[in-house]
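Asks: Each protein sequence line maps, in turn, to chains A and B. Here our numbering is used: the first residue of the first sequence is 13, the next is one more, and so on. Here our numbering is used: the first residue of the second sequence is 130, the next is one more, and so on. This structure is in structure tokens; I'll ask about it shortly.
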Amino acid sequence: MMKCPDNEVLMSYADGELDAEELAVVSAHLNECKVCAAELKAASEDSALIKAGFDEMFARHRVSDKVMNQIRKAPVTVAPEVERKSFFDRLLWPALGLAILFLALVLMMPSSSRYQGTLNSVSYHALNENSTVNSVVVTPSQVFTLQSFEKQTLQGNFLFLSLENPSEFTMQGNAVVSLDDRGMVHFTEAQIELDLVKGTEFKVMVNSEPVSLQAGSVNFRNFTAVKPEAPISVASTAIDLVACPCDSAVIASTAAESPLSDATSGTQKIDVPVNTISEPTSETAASSTATIQVDEPASGVEHITNPFVDKPLGQGQ
Amino acid sequence: MNKQEHTDAELVKHVLAGDIEVFAQLVERYEKLIFSYLLSRINDLQEVEDIVQDTFVKAFRHLASYDCERKFAGWLVTISRNLLIDSRKKAGRNIASTDLVTDVLIADSSKENRAHPPEIIIRRERFRQIVHMIQELPEDLRTPFLLRVINELSYQEISEILTLPLQTVKNRIFKARGLLREKRETYDEMP
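Below, the structure written as structure tokens:
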């Protein structure tokens, strides 16, 4: 009879961790050695007892229903600190390093030849697997940088990141995006929804109109998912522009509905810059509806799970 | 979605795309693992249950940051470990300072003894003894040992989940078994 295997080998046998050759040797030994067989049996019985006991305990403390109930109450995922750290590691720190190097080079240049415009480094990436850049499907891991005057056609959901004025905003829809020489992001041919998810304010141009995205209150949208049976007709919809206490915002609504019942009627609050507000003449109203479709049935509001904010988007703030 | 056909990464992708009910599959898949991990570190069963629940809710909230290259189970263990540390800081309690698991088991067994035949009572008493022995093990031995025995994970899987070298996991499980064997022999020799 071969020498008894040491306890480690015996326990590895019990755990199914031996390779085929070792397994054959130990199996043969166990057929002959009652001491090792008894040792293995005792250990296996203990393991089975522990497992059965803890399984019973676990069965009394299942949490899956509680977890799902809690999640259903607030079905939103957010990017935690860990994500931001990894983002810093992957993108921001290298970008900041380059920025410092660039700044050092600029300062070394003669003042007459320094660039006088506003620099703004804006990058973006898709938020899902279905979005396209210039008709090519892109993944969320692909990060793009906006270059001055270089137009890119976007379709889908994207997150934009500005390094100069640390801000992040999401874009959903279709648009041609570009950066002008002042660092301003332009969305043209745009049917989009924009939401600021980080930072306090960020100004962009949408279809040649200035739009100010502001934290906590802005859902810029110039397209809506309107139910076919209840289309919103621009011609038949009278628009009231009501000045808010805050001087830069208006609430637009149809006359047919209570102007301030946004949470229930689906009316959206839209912030627009002061210089776009004019007298509420019919002409102004018509031009507003041409680019900003403001009313929709509550059921038509698309619920968006935004991974970057703590509350659902597409609802009244 | 059909269960058991999707990888963790696929399930995560579905949840992030808005199908939050799919998250239930991830909870069911790893609930026991997190329970046993925490049980190896906390003796208060209610606290274990609370932290298991918090672990999954936090995982859901932060799912966007989950790196699909990483093992989902390892990510969950990291979250539960951090929650446990936070819980201890808040409560100012000492880890494994009570013997509540044993107390609960004793309470359970005494409550149910009247309704069970003698062999079940003997098994429960034996279980209580083993739990007591396990509690006397150092925590770094107890955790890999319980992950192996309760979840029947391979040494490699435990190594990945606890981010420990494979050989360290092997050594700790062997050492835990050795100590338990000594304790069992001592126990069996007691009158």
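In this text, a Cβ means the ideal position worked out from N, Cα and C, and glycines have one as well.
Taking the DSSP output, what are the residues bridged to aspartate 207(A)?
Replies: Its beta-bridge partners are Thr182(A).
Asks: Please state the DSSP three-state secondary structure of threonine 144(A).
Replies: Correct three-state label for threonine 144(A): strand.
Asks: Sorted by chain position, which residues of the same chain lie with C-beta nearer than 6 Å to arginine 305(B)'s C-beta, five sequence neighbours on each side aside?
Replies: Strictly speaking, residue 305(B) in this sequence is alanine, with arginine absent from that position. These residues qualify, in order along the chain: Leu266, Leu270, Phe274.
Asks: Would you kindly work out how many angstroms separate the C-alpha atoms of methionine 262(B) and leucine 174(B), rounded to a whole number?
Replies: 18 Å
Asks: Could you check where the beta strand (DSSP E) with proline 222(A) kicks off and where it finishes?
Replies: Element bounds for proline 222(A): 221-226.
Asks: Between the Cα of glycine 168(A) and those of Glu20(A), Ala202(A), Leu225(A), Ala64(A), spot the shortest distance and give me the residue it belongs to.
Replies: Ala202(A)
Asks: Counting along the chain, where does the beta strand (DSSP E) carrying leucine 140(B) start and finish?
Replies: Segment 137-145 is the alpha helix (DSSP H) holding leucine 140(B); no beta strand (DSSP E) there.
Asks: Anything in the stretch 68-86 of chain A with a Cβ closer than 8 Å to a Cβ of chain B? List those residues in chain order, please.
Replies: Listed by position, the residues of the stretch 68-86 of chain A near chain B (Cβ gap below 8 Å) are Met69, Phe70, His73, Arg74, Val75, Ser76, Lys78, Val79, Met80, Gln82, Ile83, Arg84.
Asks: Just grab the DSSP bridge partners of threonine 157(A) for me.
Replies: Ser135(A)
Asks: Determine, using beta-carbon pairs with one atom in the stretch 58-65 of chain A and one in the stretch 74-86 of chain A, whether at least three such pairs fall under 8 Å.
Replies: no
Asks: Between the alpha carbons of leucine 155(B) and arginine 72(A), how many angstroms are there, rounded?
Replies: 19 Å
Asks: What does tyrosine 159(B) reach in chain A if we use C-beta pairs closer than 9 Å?
Replies: Those within 9 Å of tyrosine 159(B) in chain A number zero; the least Cβ separation is about 10 Å.
Asks: Under a three-way DSSP split, which group does valine 218(A) fall into?
Replies: strand
Asks: Within 10 angstroms of its Cβ, does alanine 138(A) collect 16 or more other Cβ (buried), or is it exposed?
Replies: buried
Asks: Just to make sure I have the definition right: I need the residues of chain A whose C-beta is within less than 7 Å of the C-beta of alanine 138(B). Which are they?
Replies: Here the premise fails: no neighbours, minimum Cβ distance about 12 Å.
Asks: Once the 5 residues before and after leucine 167(B) are set aside, which same chain residues still bring their CB inside 7 Å of it?
Replies: Excluding sequence neighbours, leucine 167(B) sits near Val177, Ile180, Val181, Ser209, Leu213.
Asks: Within the same chain, show all residues whose beta-carbon is closer than 6 Å to that of valine 298(B), passing over the 5 residues directly before and after it, in chain order.
Replies: Pro273, Tyr284, Ile287, Ser288
Asks: Taking the alpha helix (DSSP H) that asparagine 169(A) falls in, what are its first and last residues?
Replies: Premise fails: asparagine 169(A) lies in the beta strand (DSSP E), 164-174, not in any alpha helix (DSSP H).
Asks: Taking 7 Å as the CB-CB limit, is tyrosine 316(B) close to chain A?
Replies: no
Asks: Can you give the beta carbon distance from phenylalanine 156(A) to phenylalanine 181(A), rounded, assuming they're within the 8 Å contact cut?
Replies: Actually they are not in contact, since the Cβ atoms of phenylalanine 156(A) and phenylalanine 181(A) sit about 15 Å apart, beyond 8 Å.
Asks: For leucine 162(B), tell me which candidate among Ile290(B), Leu295(B), Asn300(B), Arg310(B) has the shortest Cα-Cα distance.
Replies: Ile290(B)
Asks: If I'm right that leucine 208(A) touches leucine 225(A) with Cβ under 8 Å, what's the distance once you round it to whole angstroms?
Replies: 4 Å
Asks: Can you give the beta carbon distance from asparagine 177(A) to isoleucine 204(A), rounded, assuming they're within the 8 Å contact cut?
Replies: Not a contact, Cβ separation roughly 20 Å.
Asks: What do you reckon, are the CB atoms on alanine 26(A) and serine 56(A) nearer than 7 Å?
Replies: yes
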